[in-house]
Amino acid sequence: MSSLFERLVWQAGADVRQGRNIGGAALGRLAGIATVALLLASGAGQSAFAGDCDNVVAAPGIDWSSCSKTNIMLPGSDLHGANLASAHFDSTDLSNADLTSANLEKATLVRAWLKNARAEGTNFAKIEAYRSDFSNVVANGATFANAELQRAEFSGAQLANVDFQKAELGRADFDKAVLTGVNFSFANLSRATLNGVTIQGPVTFGGAFLYLTRIEGIDLSAATGLVQTQVNLACGDQSTILPPGLKAPGSWPCPPDDKD
Numbered sequence: 002m003s004s005l006f007e008r009l010v011w012q013a014g015a016d017v018r019q020g021r022n023i024g025g026a027a028l029g030r031l032a033g034i035a036t037v038a039l040l041l042a043s044g045a046g047q048s049a050f051a052g053d054c055d056n057v058v059a060a061p062g063i064d065w066s067s068c069s070k071t072n073i074m075l076p077g078s079d080l081h082g083a084n085l086a087s088a089h090f091d092s093t094d095l096s097n098a099d100l101t102s103a104n105l106e107k108a109t110l111v112r113a114w115l116k117n118a119r120a121e122g123t124n125f126a127k128i129e130a131y132r133s134d135f136s137n138v139v140a141n142g143a144t145f146a147n148a149e150l151q152r153a154e155f156s157g158a159q160l161a162n163v164d165f166q167k168a169e170l171g172r173a174d175f176d177k178a179v180l181t182g183v184n185f186s187f188a189n190l191s192r193a194t195l196n197g198v199t200i201q202g203p204v205t206f207g208g209a210f211l212y213l214t215r216i217e218g219i220d221l222s223a224a225t226g227l228v229q230t231q232v233n234l235a236c237g238d239q240s241t242i243l244p245p246g247l248k249a250p251g252s253w254p255c256p257p258d259d260k261d
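In terms of our numbering, the sequence shown is residues 2 to 261.
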């Protein structure tokens, strides 16, 4: 019997099979079974299934799931294909890191640096990344669905076929980012900066919240899902090109945004 739980169950069964009086030590063993079962149910046994948190050297395919790696320097690390789900990288430097095809679902990256990182095909779904720096990241094919990305920096990012569905992107900055086939469906883009982006393919805005979203000077002729009520909330100008059937509201242009 390899585990304490299995040994306790086996011995308790032996007591019953041999007709022993269930008392004293036997009752103790049954109490042990109950205790172990409660610990497993409460999650106390999860450490056996956690990632290799003691391994301090980043490596391709490493399992750091649920590990705490906050406030450390990991620039240029190769984490290709790593399992980083639910890991904590708050204020950690991952600039120039290779995160290609890594799994960061539900990870926390508050104020983390991912500048110039490679993140093609990476799973960033449901991450918490307030004020994090994704500038110049190459994240083609990545997903940020349901992610918390308020005030995140995506300037200069390469974002082809990226999924931002239902993401919180309030005040996020996409200046000089290249968008191709990006899905912003039902995302919160309030006060986000899109002016300065280059749109090279269809971008979906169906159901997105565009309150004071900066779209001055950009060509949205290939955008899909946009309706007039969204345009009326956004901030464009006379150089903004809208899809056919939509028109600039009389409230354009908006006053400068208060960055605070």
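Even for Gly, the Cβ is constructed at its ideal location relative to N, Cα and C.
| Check | Outcome |
| --- | --- |
| Residues of its chain near residue 66, where Cβ-Cβ distance is below 7 Å and the 5 sequence neighbours each way are ignored | 51, 52, 84, 85, 86, 87, 88 |
| 3 or more residues per run - each beta strand (DSSP E) lying fully within the stretch 159–206 | 159–161, 179–181 |
| Spatial neighbours of residue 243 in its chain, beta-carbon cut-off 6 Å, leaving aside the 5 residues before and after | 221 |
| Residue 232, DSSP secondary structure in three states | helix |
| Burial state of residue 214 (16 or more Cβ within 10 Å) | buried |
| Backbone CA spacing between residue 115 and residue 135 [nearest angstrom] | 5 Å |
| Exposure label - residue 239; buried when at least 16 CB within 10 Å | exposed |
| DSSP three-state assignment for residue 39, whether helix, strand or coil | Unreliable positioning characterises residue 39 in this predicted model, as indicated by a pLDDT of 40, which lies under 50. The coordinate reading is nonetheless provided below. Residue state, collapsed to three classes: helix. |
| One or two residues paired with residue 124 in a DSSP bridge | 104, 144 |
| Collapsed DSSP secondary structure at residue 93 in the structure displayed | coil |
| Backbone secondary structure at residue 215 - three-state DSSP | strand |
| For residue 181, the nearest candidate out of 82, 150, 98, 199 (CA to CA) | 199 |
| Cβ pair residue 142, residue 162 closer than 7 Å | yes |
| Reduced DSSP secondary structure (H/G/I, E/B, other) of residue 209 | coil |
| Beta carbon of residue 100 nearer than 7 Å to that of residue 75 | no |
| Euclidean distance between Cα positions of residue 33 and residue 58 | Note that residue 33 scores a pLDDT of 48, beneath 50, so its modelled location is shaky; the value from the coordinates is reported in the next line. For residue 33 and residue 58, the distance between alpha carbons rounds to 38 Å. |
| Beta-carbon proximity list for residue 118, same chain, < 7 Å, skipping 5 on both sides | 95, 96, 97, 98, 100, 138 |
| Beta-bridge partners of residue 134, as assigned by DSSP | 114, 154 |
| Spatial neighbours of residue 130 in its chain, beta-carbon cut-off 8 Å, leaving aside the 5 residues before and after | 109, 110, 111, 113, 148, 149, 150, 153 |
| Three-state class that DSSP yields for residue 10 in the structure shown | Note that residue 10 scores 41 on pLDDT, short of 50, meaning its location in the model is unreliable and no value can be drawn from it. |
| Spatial neighbours of residue 133 in its chain, beta-carbon cut-off 8 Å, leaving aside the 5 residues before and after | 110, 111, 112, 113, 114, 115, 150, 153, 154 |
| Reduced DSSP secondary structure (H/G/I, E/B, other) of residue 66 | coil |
| 8 Å contact criterion, which residue 146 and residue 126 should meet: CB distance rounded | 5 Å |
| Integer Cβ distance of residue 190 from residue 178, believed to fall under 8 Å | Between residue 178 and residue 190 the Cβ distance is about 13 Å, and since that is not below 8 Å, they are no contact. |
| 7 Å CB neighbourhood of residue 219 in its chain, flanking five on each side removed | 195, 196, 198, 200, 241 |
| Other residues of its chain near residue 122: CB distance less than 7 Å, five sequence neighbours each side excluded | 101, 102, 142, 143 |
| Straight-line gap, residue 187 to residue 92 (C-alpha atoms, nearest Å) | 28 Å |
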